[in-house]
Amino acid sequence: MRRKEPKLEHKPLGNLWWFKLSVNVTATLLAFSLTLFSNEMSKTNAKKRTARNIALVTLSNIDEVVNNLEIVTTYYDEFRDMYNEITASAPDYKAVPDSLCSAFVAYVEGWDVFAINKSPELTFCTTFELWDYLEDIPLIRRIGNCYAYENAFLDLYKRDMEVINKLSVGAGLENIVDLRKKMKAILAYVPFQNYMQRSEAISYNYHLIIERIKESNEENKQNMSVSDEDLKKLVAPKRWVTSPVENFIFVAGPDR
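Counting along the sequence shown from 1, when you hit position 241 you're at 239 in my numbering, and nothing is skipped either side.
Written as C-alpha coordinates, this is what we have:
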(Lines of atoms letter the chains of each structure in order from A and count residues from 1; the text may use other names and numbers.)
(Lines give C-alpha, C1' and ligand atoms only; values in the text may rest on other atoms or scores of the structure.)
Protein backbone atom coordinates (compact mmCIF):
# COMPACT_ATOMS: atom_id res chain seq x y z
CA MET A 1 0.00 0.00 0.00
CA ARG A 2 1.44 3.30 -1.10
CA ARG A 3 2.18 5.80 1.65
CA LYS A 4 0.58 9.19 1.28
CA GLU A 5 2.93 12.16 1.34
CA PRO A 6 1.88 14.89 3.81
CA LYS A 7 0.59 18.02 2.20
CA LEU A 8 2.67 21.13 2.72
CA GLU A 9 0.75 24.26 3.52
CA HIS A 10 1.95 27.28 1.56
CA LYS A 11 1.27 30.64 3.24
CA PRO A 12 0.33 33.32 0.81
CA LEU A 13 3.33 35.49 -0.02
CA GLY A 14 1.09 38.55 0.00
CA ASN A 15 0.42 38.30 3.74
CA LEU A 16 4.13 38.09 4.52
CA TRP A 17 4.86 41.14 2.38
CA TRP A 18 2.22 43.18 4.21
CA PHE A 19 3.58 42.04 7.54
CA LYS A 20 7.11 43.15 6.69
CA LEU A 21 5.80 46.42 5.29
CA SER A 22 3.81 47.07 8.46
CA VAL A 23 6.88 46.42 10.62
CA ASN A 24 9.02 48.74 8.53
CA VAL A 25 6.39 51.49 8.52
CA THR A 26 5.88 51.17 12.28
CA ALA A 27 9.63 51.30 12.90
CA THR A 28 9.99 54.32 10.63
CA LEU A 29 7.12 56.15 12.30
CA LEU A 30 8.50 55.34 15.74
CA ALA A 31 11.96 56.59 14.79
CA PHE A 32 10.45 59.73 13.27
CA SER A 33 8.35 60.33 16.39
CA LEU A 34 11.35 59.89 18.65
CA THR A 35 13.41 62.25 16.52
CA LEU A 36 10.59 64.80 16.46
CA PHE A 37 10.13 64.49 20.23
CA SER A 38 13.86 64.85 20.80
CA ASN A 39 13.99 67.96 18.57
CA GLU A 40 11.01 69.51 20.32
CA MET A 41 12.56 68.83 23.73
CA SER A 42 15.81 70.43 22.57
CA LYS A 43 13.93 73.50 21.33
CA THR A 44 11.95 73.73 24.56
CA ASN A 45 15.09 73.46 26.69
CA ALA A 46 16.82 76.06 24.52
CA LYS A 47 13.86 78.41 24.95
CA LYS A 48 13.87 77.82 28.70
CA ARG A 49 17.60 78.67 28.83
CA THR A 50 16.95 81.80 26.76
CA ALA A 51 14.07 82.79 29.05
CA ARG A 52 16.29 82.33 32.11
CA ASN A 53 19.11 84.37 30.56
CA ILE A 54 16.72 87.19 29.70
CA ALA A 55 15.36 87.09 33.25
CA LEU A 56 18.90 87.28 34.65
CA VAL A 57 19.71 90.30 32.48
CA THR A 58 16.46 91.82 33.69
CA LEU A 59 17.43 91.35 37.34
CA SER A 60 20.80 92.92 36.62
CA ASN A 61 19.05 95.86 34.96
CA ILE A 62 16.84 96.31 38.02
CA ASP A 63 19.99 96.51 40.18
CA GLU A 64 21.27 99.23 37.82
CA VAL A 65 17.95 101.05 38.13
CA VAL A 66 18.21 100.93 41.93
CA ASN A 67 21.74 102.32 41.80
CA ASN A 68 20.65 105.16 39.52
CA LEU A 69 17.63 106.06 41.63
CA GLU A 70 19.81 106.07 44.73
CA ILE A 71 22.10 108.62 43.04
CA VAL A 72 19.11 110.83 42.25
CA THR A 73 17.85 110.52 45.82
CA THR A 74 21.30 111.39 47.17
CA TYR A 75 21.29 114.58 45.08
CA TYR A 76 17.86 115.49 46.41
CA ASP A 77 18.83 114.83 50.03
CA GLU A 78 21.99 116.90 49.58
CA PHE A 79 19.80 119.72 48.27
CA ARG A 80 17.61 119.48 51.37
CA ASP A 81 20.71 119.51 53.58
CA MET A 82 21.94 122.61 51.78
CA TYR A 83 18.59 124.29 52.34
CA ASN A 84 18.63 123.47 56.07
CA GLU A 85 22.21 124.68 56.45
CA ILE A 86 21.44 127.93 54.63
CA THR A 87 18.24 128.68 56.54
CA ALA A 88 20.12 128.15 59.80
CA SER A 89 22.05 131.34 58.89
CA ALA A 90 18.89 133.45 58.47
CA PRO A 91 18.13 136.29 58.32
CA ASP A 92 21.38 137.83 57.00
CA TYR A 93 22.90 134.63 55.50
CA LYS A 94 26.39 136.08 55.92
CA ALA A 95 27.73 132.78 57.23
CA VAL A 96 26.75 130.92 54.03
CA PRO A 97 29.91 130.06 52.03
CA ASP A 98 30.01 131.08 48.37
CA SER A 99 30.40 127.42 47.33
CA LEU A 100 27.23 126.44 49.19
CA CYS A 101 25.35 129.39 47.74
CA SER A 102 26.45 128.45 44.22
CA ALA A 103 25.51 124.76 44.60
CA PHE A 104 22.09 125.64 46.00
CA VAL A 105 21.24 128.07 43.19
CA ALA A 106 22.56 125.64 40.56
CA TYR A 107 20.20 122.91 41.78
CA VAL A 108 17.18 125.24 41.66
CA GLU A 109 18.03 126.73 38.26
CA GLY A 110 19.10 123.53 36.57
CA TRP A 111 17.24 120.34 35.76
CA ASP A 112 19.43 117.27 35.87
CA VAL A 113 18.59 114.85 33.06
CA PHE A 114 19.67 111.24 33.21
CA ALA A 115 19.19 108.15 31.09
CA ILE A 116 18.15 104.67 32.17
CA ASN A 117 18.52 101.65 29.93
CA LYS A 118 14.93 100.56 29.19
CA SER A 119 15.76 97.74 26.76
CA PRO A 120 15.63 94.87 29.31
CA GLU A 121 12.33 96.17 30.69
CA LEU A 122 10.78 96.40 27.21
CA THR A 123 12.07 92.95 26.25
CA PHE A 124 10.74 91.33 29.40
CA CYS A 125 7.39 93.12 29.43
CA THR A 126 6.57 92.59 25.74
CA THR A 127 7.87 89.05 25.10
CA PHE A 128 4.88 87.09 26.36
CA GLU A 129 6.25 83.75 25.08
CA LEU A 130 9.13 84.26 27.49
CA TRP A 131 6.73 84.11 30.42
CA ASP A 132 5.51 80.65 29.37
CA TYR A 133 9.03 79.24 29.47
CA LEU A 134 9.91 80.84 32.81
CA GLU A 135 7.02 78.94 34.40
CA ASP A 136 7.18 81.19 37.47
CA ILE A 137 4.23 83.55 37.84
CA PRO A 138 5.36 85.08 41.19
CA LEU A 139 8.76 85.92 39.66
CA ILE A 140 7.13 87.55 36.63
CA ARG A 141 4.80 89.53 38.90
CA ARG A 142 7.66 90.77 41.12
CA ILE A 143 9.73 91.87 38.13
CA GLY A 144 6.71 93.75 36.80
CA ASN A 145 6.28 95.41 40.20
CA CYS A 146 9.93 96.51 40.20
CA TYR A 147 9.47 98.34 36.92
CA ALA A 148 6.15 99.79 38.06
CA TYR A 149 7.91 101.25 41.12
CA GLU A 150 10.69 102.59 38.90
CA ASN A 151 8.17 104.39 36.68
CA ALA A 152 6.42 105.79 39.75
CA PHE A 153 9.74 107.14 41.01
CA LEU A 154 10.57 108.77 37.67
CA ASP A 155 7.11 110.36 37.46
CA LEU A 156 7.52 111.76 40.96
CA TYR A 157 11.02 113.05 40.22
CA LYS A 158 9.88 114.67 36.98
CA ARG A 159 7.05 116.50 38.76
CA ASP A 160 9.43 117.68 41.49
CA MET A 161 11.93 119.03 38.98
CA GLU A 162 9.14 120.80 37.10
CA VAL A 163 7.95 122.40 40.34
CA ILE A 164 11.46 123.52 41.29
CA ASN A 165 12.11 125.02 37.85
CA LYS A 166 8.78 126.85 37.88
CA LEU A 167 9.65 128.21 41.28
CA SER A 168 12.97 129.51 39.99
CA VAL A 169 11.09 131.38 37.25
CA GLY A 170 8.51 132.69 39.71
CA ALA A 171 11.23 133.99 42.00
CA GLY A 172 12.50 136.18 39.11
CA LEU A 173 15.98 134.66 39.01
CA GLU A 174 16.41 135.46 35.30
CA ASN A 175 16.64 139.15 36.21
CA ILE A 176 19.28 138.63 38.93
CA VAL A 177 22.99 138.15 38.26
CA ASP A 178 24.56 137.99 41.73
CA LEU A 179 24.45 134.45 43.17
CA ARG A 180 23.88 135.54 46.75
CA LYS A 181 20.96 137.74 45.72
CA LYS A 182 19.54 134.79 43.75
CA MET A 183 19.77 132.62 46.83
CA LYS A 184 17.94 135.21 48.94
CA ALA A 185 15.24 135.60 46.27
CA ILE A 186 14.66 131.85 46.24
CA LEU A 187 14.45 131.63 50.01
CA ALA A 188 12.06 134.60 50.21
CA TYR A 189 9.69 133.13 47.62
CA VAL A 190 6.67 131.76 49.56
CA PRO A 191 5.76 128.94 47.10
CA PHE A 192 9.34 127.68 47.41
CA GLN A 193 9.07 127.74 51.20
CA ASN A 194 5.84 125.73 50.95
CA TYR A 195 7.52 123.24 48.64
CA MET A 196 10.45 122.72 51.01
CA GLN A 197 8.01 121.99 53.83
CA ARG A 198 6.97 118.94 51.80
CA SER A 199 10.55 117.96 50.91
CA GLU A 200 10.89 115.52 53.82
CA ALA A 201 7.82 113.62 52.65
CA ILE A 202 9.13 113.62 49.07
CA SER A 203 12.48 112.24 50.19
CA TYR A 204 10.68 109.59 52.25
CA ASN A 205 8.73 108.48 49.17
CA TYR A 206 11.95 108.25 47.13
CA HIS A 207 13.60 106.03 49.73
CA LEU A 208 10.46 103.94 50.22
CA ILE A 209 10.15 103.19 46.50
CA ILE A 210 13.82 102.21 46.30
CA GLU A 211 13.44 99.87 49.28
CA ARG A 212 10.42 98.20 47.67
CA ILE A 213 12.39 97.57 44.47
CA LYS A 214 15.40 96.22 46.37
CA GLU A 215 13.27 93.88 48.47
CA SER A 216 11.48 92.48 45.42
CA ASN A 217 14.69 91.99 43.44
CA GLU A 218 16.45 90.28 46.35
CA GLU A 219 13.57 87.81 46.42
CA ASN A 220 13.94 87.40 42.65
CA LYS A 221 17.62 86.53 43.04
CA GLN A 222 16.90 83.99 45.75
CA ASN A 223 14.14 82.50 43.61
CA MET A 224 16.54 82.08 40.65
CA SER A 225 19.50 81.03 42.84
CA VAL A 226 21.76 83.75 41.45
CA SER A 227 24.23 85.98 43.30
CA ASP A 228 25.09 89.65 42.87
CA GLU A 229 28.50 88.64 41.52
CA ASP A 230 26.86 86.49 38.84
CA LEU A 231 24.68 89.40 37.77
CA LYS A 232 27.58 91.87 37.65
CA LYS A 233 29.21 89.74 34.97
CA LEU A 234 26.26 90.40 32.68
CA VAL A 235 26.83 94.15 32.27
CA ALA A 236 29.71 96.41 31.28
CA PRO A 237 31.16 98.89 33.79
CA LYS A 238 29.22 102.11 34.13
CA ARG A 239 30.41 104.91 31.84
CA TRP A 240 30.26 108.40 33.28
CA VAL A 241 29.52 111.09 30.73
CA THR A 242 32.13 113.84 30.47
CA SER A 243 31.30 115.52 27.17
CA PRO A 244 29.52 118.89 27.60
CA VAL A 245 27.43 118.01 24.56
CA GLU A 246 25.69 115.20 26.47
CA ASN A 247 23.18 116.37 29.08
CA PHE A 248 23.20 113.16 31.14
CA ILE A 249 24.37 112.73 34.70
CA PHE A 250 25.12 109.14 33.88
CA VAL A 251 24.34 106.38 31.40
CA ALA A 252 23.15 103.06 32.77
CA GLY A 253 23.70 99.70 31.14
CA PRO A 254 26.30 98.28 28.78
CA ASP A 255 28.17 100.65 26.48
CA ARG A 256 27.27 100.38 22.81
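We put the beta carbon where it would ideally sit given N, CA and C, even for glycine.
Note that the structure is predicted; figures quoted are calculated from it, not measured.
May I ask you to report which of helix, strand or coil DSSP gives residue i?
| i | result |
| --- | --- |
| residue 76 | helix |
| residue 70 | helix |
| residue 187 | coil |
| residue 170 | coil |
| residue 251 | Any reading at residue 251 must be qualified, since the residue scores a pLDDT of 33, below 50, and its modelled position is unreliable; no value is offered. |
| residue 231 | coil |
| residue 225 | coil |
| residue 161 | helix |
| residue 176 | coil |
| residue 196 | coil |
With a threshold of 6 Å on Cβ separation, who are the neighbours of residue i within its own chain once the five nearest residues in sequence on each side are excluded?
| i | result |
| --- | --- |
| residue 103 | 177, 180, 181 |
| residue 221 | 137 |
| residue 46 | 131 |
Comparing C-alpha positions only, which one of the options sits nearest to residue i?
| i | options | result |
| --- | --- | --- |
| residue 200 | 171, 187, 162, 223 | 162 |
| residue 78 | 98, 60, 66, 61 | 98 |
| residue 82 | 198, 210, 115, 49 | 198 |
| residue 196 | 227, 158, 213 | 158 |
| residue 149 | 168, 120, 108, 96 | 120 |
| residue 152 | 51, 80, 55, 116 | 116 |
| residue 171 | 108, 226, 63, 118 | 108 |
| residue 155 | 71, 80, 145, 169 | 71 |
Spatial neighbours of residue i within its chain, please: C-beta separation below 8 Å, excluding the five flanking residues on both sides.
| i | result |
| --- | --- |
| residue 57 | 141, 215, 218, 219, 222, 224, 229 |
| residue 165 | 106, 184, 187, 189, 190, 193 |
| residue 174 | 180, 183 |
| residue 84 | 91, 94, 98, 99, 102, 181, 185 |
| residue 268 | Only positions -1 to 254 of the chain appear in this structure, which leaves residue 268 out of reach. |
| residue 67 | 148, 151, 204, 207, 208, 211 |
Problem - In chain order, each beta strand (DSSP E) run of at least 3 residues that lies wholly inside the stretch 78 to 155 - result: As far as the stretch 78 to 155 is concerned, its whole beta strand (DSSP E) runs of at least 3 residues are 111 to 113.
Problem - Secondary structure, alpha helix (DSSP H): runs of 4+ residues fully inside the stretch 198 to 223 - result: none
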